[in-house]
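Student: Residue numbers (our numbering): 122 to 338. Beta carbons are placed, not taken as given, at the ideal position from N, Cα and C, and that holds for glycine.
(1) Are the region 304-315 and the region 223-243 touching, with three or more C-beta to C-beta distances below 8 Å?
(2) If you draw a straight line from the C-alpha of residue 208 to the C-alpha of residue 153, how long is it?
(3) Kindly confirm or deny that the region 229-239 and the region 264-281 touch, where touching means at least three C-beta pairs closer than 8 Å.
(4) DSSP has residue 155 in a bridge; who is on the other side?
(5) Which residue or residues does DSSP assign as beta-bridge partners of residue 135?
(6) Rounded to the nearest angstrom, what separates residue 287 and residue 270 at their Cα positions?
(7) According to DSSP, is residue 328 helix, strand or coil?
(8) Note down the Cα distance separating residue 297 from residue 144, rounded to an integer number of angstroms.
(9) Compare the C-alpha of residue 123 against each of 201, 247, 210 and name the closest.
(10) Across which residues does DSSP place residue 212 in a beta bridge pair?
(11) Please name the residue in 213, 252, 217 whose C-alpha comes closest to that of residue 228.
(12) Only counting runs of 3 or more residues, tell me where the beta strand (DSSP E) segments fall wholly within the region 196-244, in order along the chain.
(13) Near residue 327, what residues of its chain come up, given a Cβ to Cβ distance below 6 Å and the 5 sequence neighbours on each side ignored?
(14) Could you pull the DSSP bridge partners for residue 248 from this structure?
(15) Among 268, 177, 267, 275, which one has its Cα closest to the Cα of residue 187?
(16) Count the other C-beta atoms from every protein chain shown that fall within 10 angstroms of the C-beta of residue 225, then say buried if there are 16 or more, exposed otherwise.
(17) Please identify the residue among 222, 272, 230 whose C-alpha is closest to the C-alpha of residue 250.
(18) Would residue 168 and residue 159 qualify as a contact pair, given that the criterion is a beta-carbon distance under 7 Å?
(19) Can you tell me where the alpha helix (DSSP H) with residue 268 in it begins and where it stops?
(20) For residue 136 and residue 199, I'd like the C-alpha separation in whole angstroms.
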């Protein structure tokens, strides 16, 4: 097994290789505006550093969000392209699950990432491997009673200490955690979901209400 994992659902552009036993290489860069520019060079460097060829990859793991539309689709389209070109399966993993796995907490806690617009993408977990609510988006003040008293991880939690007073790192997801979680689930015989995006809301860029289509006469 050689899994290539990547995620662009948060400001981090993160990639990793997992050989079925352990992560053998990983890289992360935080730049919310350059996902498309940074991702493929990061994969090239990762493979070179690990001394592996792209055609040795047996599966792709990609974070499916939730995340902003523009950034998230970069990772998903890249993963699909690799899967088609190599003829290998593409496995989707919730980005929040990757953060939870990296947090390695035993008791109940919350994962919250920055959704912009003064909102967070969030979910509750029983432990680092068990999500107990579906991913959702909302204003921190509106969900305060649902997360009260729980530790929290992620950039969204760190941004709003009034709602998440017990917030701590990791701030962004790592592809290393996604790869390790996917490898663990695959080894247990689980079927990972197809890489379909968790957008949770419409994209920021929309056609103006009074937009008029002009056609040539």
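Tutor: Answer, in terms of the structure:
(1) Remark: fewer than three beta-carbon pairs, one from each stretch, lie closer than 8 Å, so the region 304-315 and the region 223-243 are not flagged as touching.
(2) The C-alpha of residue 153 is placed about 30 Å away from the C-alpha of residue 208.
(3) Two segments are said to touch when three or more pairs of C-beta atoms, one from each, lie closer than 8 Å; by this definition the region 229-239 touches the region 264-281.
(4) In DSSP, residue 155 forms no bridge with anything.
(5) 128, 149
(6) 8 Å
(7) Only weak support is given to the placement of residue 328: the predicted model assigns it a pLDDT of 47, under 50, and the question is left unresolved by the model.
(8) 6 Å
(9) 210
(10) 182
(11) Closest option to residue 228, Cα to Cα, is 252.
(12) Correct list: 211-214, 230-237.
(13) Note on residue 327: pLDDT 49, under 50, position unreliable in the model; the coordinate value appears next. Excluding positions up to five away in sequence, the list is empty.
(14) 251
(15) 275
(16) exposed
(17) 222
(18) Using a Cβ distance threshold of 7 Å, residue 168 and residue 159 do not count as a contacting pair.
(19) 261-268
(20) 12 Å
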